Amino acid sequence: MERLQKVIARAGISSRRKAEELIKEGRVKVNGKVVTELGVKVSPSDKVEVNEIPLEKEVPVYFLLYKPRGVISSVSDEKGRKVVTDFFPAIKERIFPVGRLDYDTSGLLLLTNDGEFANLLMHPKNEIEKVYVAKVKGLPLRENLKKLEKGIRLEDGKTAPAKVKLLSTDKKKQTSIVEIIIHEGRNRQVRRMFEAIGHEVLKLKRERYGFLTLTGLRAGEARELTTHEVKQIRALALDVSKRQKNS
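Now the structure itself:
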């Protein structure tokens with residue numbers, strides 16, 4: 158379910174602010190009924206009309222991008238910095254990122270125009286595994302990595318248990334490479350988790366999202382997900398959610 162004004166804006170009718178004005182003016186209908194409240198949410202199956210003209214529904218598209226460092230996980234940036242949708246100049250659909258990767262973080266990012274799909278994957282209850290590889294300052298002690306495995310308290314609450322593996326250390330440069338697997342999506346979460354145990358993250362890359370990987374892609378390259386992959390990742394999220402309900 159998405160806010161009505163967001164759906165109107167994504168259809169290219171107007172900006173989101175203008176869409177709010179259209180709603181207040183009674184120029185928007187949902188399933189044949191005039192809507193004037195801004196809090197209304199609609200699903201992909203609802204029929205939305207603006208000025209008696211039905212919104213055209215885009216064919217859903219799904220992409221996997223190898224996001225480089227120094228790119229914003231957004232569709233626009235007021236400072237004029239490069240954004241992830243800049244890598245899709247030929248795509249007519251109004252795609253947007255599913256979640257985000259920090260400006261200085263590289264790796265796997267999904268983009269789509271399917272709001273229902275995006276909300277399903279981003280819902281914290283659905284616990285899709287995200288695999289990151291971090292280059293950190295210092296040589297982490299096993300006892301500190303265990304704190305991450307158990308869950309560590311940050312300013313916005315305790316993290317869920319993570320899976321952590323020390324891949325390599327460089328005693329001369331005093332740096333380490335660590336793999337960490339989480340399923341939450343808090344802002345700068347992996348960086349903050351390592352900072353909490355005294356290790357600054359120097360480089361960070363998301364290498365896997367569920368079963369999806371970056372195989373065959375270089376930074377800045379993208380590919381469309383297959384129909385089977387879309388069904389699989391959707392089923393993965395639903396399966397985790399179902400298991401949680403029954404536990």
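Note that the numbering used here numbers the sequence shown so that position 143 is 300, with each residue one more than the last. The C-beta atom is built at its ideal place from N, Cα and C for all residues, glycine as well. Given the structure is predicted, the values throughout are model-derived calculations rather than measurements.
#1: Quick one: grab the DSSP three-state call for E215.
#2: To the nearest angstrom, how far is it from the Cα of N188 to the Cα of V205?
#3: How should D259 be labelled, buried or exposed, when 16 other C-beta atoms within 10 angstroms of its C-beta is the threshold for buried?
#4: Could you give the first and the last residue of the continuous alpha helix (DSSP H) run that contains K307?
#5: Kindly say whether R391, judged by its beta-carbon, lies nearer than 8 Å to any beta-carbon of chain C.
#6: What beta strand (DSSP E) runs, 3 residues minimum, are completely inside the segment 273-344?
#7: Using the Cα positions of F245 and R160, report the straight-line distance between them to the nearest angstrom.
#8: For the segment 371-398, list the beta strand (DSSP E) runs that are entirely contained and at least 3 residues long, ordered along the chain.
#9: Taking C-alpha atoms, which residue in E194, G355, E209, E213 lies nearest to S202?
#10: So is R167 buried or exposed if we call it buried at 16+ other beta carbons inside 10 Å?
#11: Quick check: the Cα distance between L361 and E194, rounded to an integer number of angstroms?
#12: Would you call the segment 360-377 in contact with the segment 261-268, where contact means no fewer than 3 C-beta pairs closer than 8 Å?
#13: Would V240 and V228 be called neighbours here (beta carbons separated by less than 8 Å)?
#14: Can you check whether the CB of L296 is closer than 8 Å to the CB of Q331?
#15: Quick one: measure Cβ to Cβ for E381 and V218, integer angstroms, because I've assumed they're closer than 8 Å.
#16: Inspect the beta-carbon positions of V293 and E357 and report whether they are closer than 8 Å.
#17: What residue does the alpha helix (DSSP H) around L179 start on, and which one ends it?
#18: How big is the Cα-Cα spacing for Y366 and Y289?
#19: Let's see if you can read the secondary structure: which residues bound the beta strand (DSSP E) around L361?
#20: Relative to the alpha-carbon of G272, which residue among K190, K163, V321 has its alpha-carbon at the smallest distance?
#21: Hey, how far is the Cα of N276 from the Cα of N270?
#22: Starting from V255, follow the beta strand (DSSP E) in both directions and report where the run begins and ends.
The structure says:
#1: coil
#2: 6 Å
#3: buried
#4: 299-307
#5: Absent from the structure is chain C; it holds one protein chain and no more.
#6: 287-294, 320-327, 332-339
#7: 25 Å
#8: 379-381
#9: E213
#10: buried
#11: 43 Å
#12: yes
#13: yes
#14: yes
#15: 7 Å
#16: yes
#17: 173-181
#18: 9 Å
#19: 358-366
#20: K163
#21: 11 Å
#22: No beta strand (DSSP E) holds V255; DSSP gives it neither H nor E.
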